[in-house]
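S.K.: This is the structure I have questions about; it appears just below.
In this note's numbering, the protein residues as written are 3 to 224.
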């Protein structure tokens, strides 16, 4: 049985993220850690909340709704998985950020509803993998500007690199994502968020410019 607590794991992740930020010449508060609770009971998230964490992510609409309804109302929720159009009405009112805006069919559903739509990130298929969602890297600027012109509030970009055998395998993809983010920021003359990096490679992602990392196992255990 794993005797390491969620609070201990969380402290370790925060420390590793801070070190990675320092190595890249950035401040630790420039990186947001999203604790990914998919498949975990609400009690596990409560341990992280008791340790002071407030930013959580889910990849299924029903699980997000269930946990958001049971946990404190002052939490910041992110949706990080593929979003079906018929789940938009469920997710939209409850999230501070959608990480996976990946196709034209989401535009109208996301804009529909009470109040302004929450911010989103354009998902990039950085490895050009046929089984993954996202915009092809060479179409990001064009698609970003088109979706923005239609009213989608885009705050930056997100990617899931191809699975490698070691963290360093992700670095070339993270470098490419940083270049894409920097091009967008320069073109649109405003800061852009960059969501990349998970349990196995988040330190490399931070070294290469990630502003949001999505951590599940390293916080909640295997």
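For glycine and all other residues, C-beta sits at the position ideal for the given N, C-alpha and C.
So which of 52, 31, 100 has the shortest CA-CA distance to residue 60?
M.R.: 100
S.K.: Rounded to whole angstroms, what is the Cα-Cα separation between residue 191 and residue 45?
M.R.: 42 Å
S.K.: Taking 8 Å as the cut-off, decide whether the C-beta atoms of residue 214 and residue 26 are in contact.
M.R.: no
S.K.: Buried or exposed: residue 87, going by 16 or more other Cβ atoms within 10 Å of its Cβ?
M.R.: An exposed status is given to residue 87, since fewer than 16 other beta-carbon atoms sit within 10 Å of its beta-carbon.
S.K.: Applying the 10 Å Cβ sphere with the 16-neighbour rule, what's the burial state of residue 76?
M.R.: exposed
S.K.: Counting Cβ pairs, one atom from each stretch, are 3 or more of them under 8 Å apart for the stretch 101–119 and the stretch 180–194?
M.R.: No, the stretch 101–119 does not touch the stretch 180–194.
S.K.: Take residue 78 as the anchor and find which of 64, 58, 32 has the nearest alpha-carbon.
M.R.: 58
S.K.: Identify which residue in 41, 199, 223 has its Cα closest to the Cα of residue 66.
M.R.: For residue 66, the nearest C-alpha among the options comes from 41.
S.K.: Where residue 9 and residue 55 are concerned, what is the direct C-alpha to C-alpha distance, given to the nearest angstrom?
M.R.: 9 Å
S.K.: DSSP on residue 137, reduced to helix/strand/coil?
M.R.: Residue 137 falls in the strand class under three-state DSSP.
S.K.: Can you check which of these residues, 47, 93, 160, 141, is closest to residue 73 by C-alpha distance?
M.R.: 47
S.K.: Under three-state DSSP, which class holds residue 99?
M.R.: strand
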